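Okay, structure first, notes after.
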Amino acid sequence: MSRPLLIAPSVLAADFSRLGEEVRAVEQAGADWIHLDVMDGHFVPNITFGPDVIKALRPHSKKIFDTHLMIAPCDPHLDAFAKAGADIITVHVEAGPHLHRSLQAIRALGKKAGVSINPATPESAIEYVLDQLDLILVMSVNPGFGGQVFIPAVIEKIARLRTMIGGRPIDLEVDGGITPETAPKVTAAGANVLVAGSAVFKGAGADAYRANIAAIRNAAALARGEAA
Ligand code: DX5
Ligand code: ZN
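Note that my numbering has the sequence shown beginning at 1, numbered continuously upward.
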């Protein structure tokens, strides 16, 4: 049984001056999850937002808040993100020496635990934490910015991760450069959750977002052999 295909728009590409409105628009447009990119200017060369912004967004949506922490260290902040309303908390394997401890802490807070791997990180880096995981987030660009070009070498990594996951109940998510052109490639390799920022928040308002999400979803569904 393959896991359901889900589209997770990244608000990194939204209008930050109207974030609540943008989250409502993208939910209305068919988003499955809301992807929240937290950056610290240290682990990645850019700064976005923290738990207070996520807390402010929480009343605007009932969707899963898929929280991607690009911060180091992450452990001192996990509690704040859990309290802010994150449903999934994903940390980077490259962000610290105690990945297993971070994942245990996320689950102890009652949240789903995810781990993300950068383009240059091999899948073997997470082999020994598979049973601590609810989600694997494969970066298909170098983290830090939206609107970058998809790195094709990750397609084979996705396929190897799919095999490594086996029958475990783990979502396989891809983040960076996802468009209607790249979405079929990663879903054919075994990914089931697609993050998209610039390809979703193109144009303005729910009608444009609906068409953008549908284009990604339909292309990916076809690659999975599902009716679009
Ligand atoms: C990059 C972020 C992504 C980003 C994707 O560090 O993790 O979630 O928003 O943006 P696009 O879809 O524009 O590549
Ligand atoms: Zn992200």
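Even for Gly, the Cβ is constructed at its ideal location relative to N, Cα and C. Computed from a prediction, not measured in an experiment: that's the story for all the values here.
Proximity below 8 angstroms, CB of residue i to CB of residue j
i	j	result
I178	A199	yes
H60	V38	no
G197	L12	yes
A113	L130	no
R217	I54	no
E173	V141	no
A72	D52	no
L135	I165	no
H98	N118	no
Continuous alpha helix (DSSP H) stretch holding residue i: start and end
i	result
H100	99 to 108
I165	154 to 165
Where residue i falls, given that 16 or more other Cβ within 10 Å makes a residue buried
i	result
S124	exposed
T90	buried
T48	buried
S102	buried
V195	buried
K83	exposed
T187	buried
Heavy atom of the ligand DX5 within 7 angstroms of residue i beta-carbon
i	result
L194	no
I178	yes
V186	no
Any non-hydrogen atom of the ligand ZN within 7 angstroms of residue i CB
i	result
D171	no
S10	yes
**Study point:** In chain order, each beta strand (DSSP E) run of at least 3 residues that lies wholly inside the region 18 to 102
**Key:** DSSP runs (the beta strand (DSSP E)) wholly in the region 18 to 102: 33 to 39, 64 to 70, 88 to 92.
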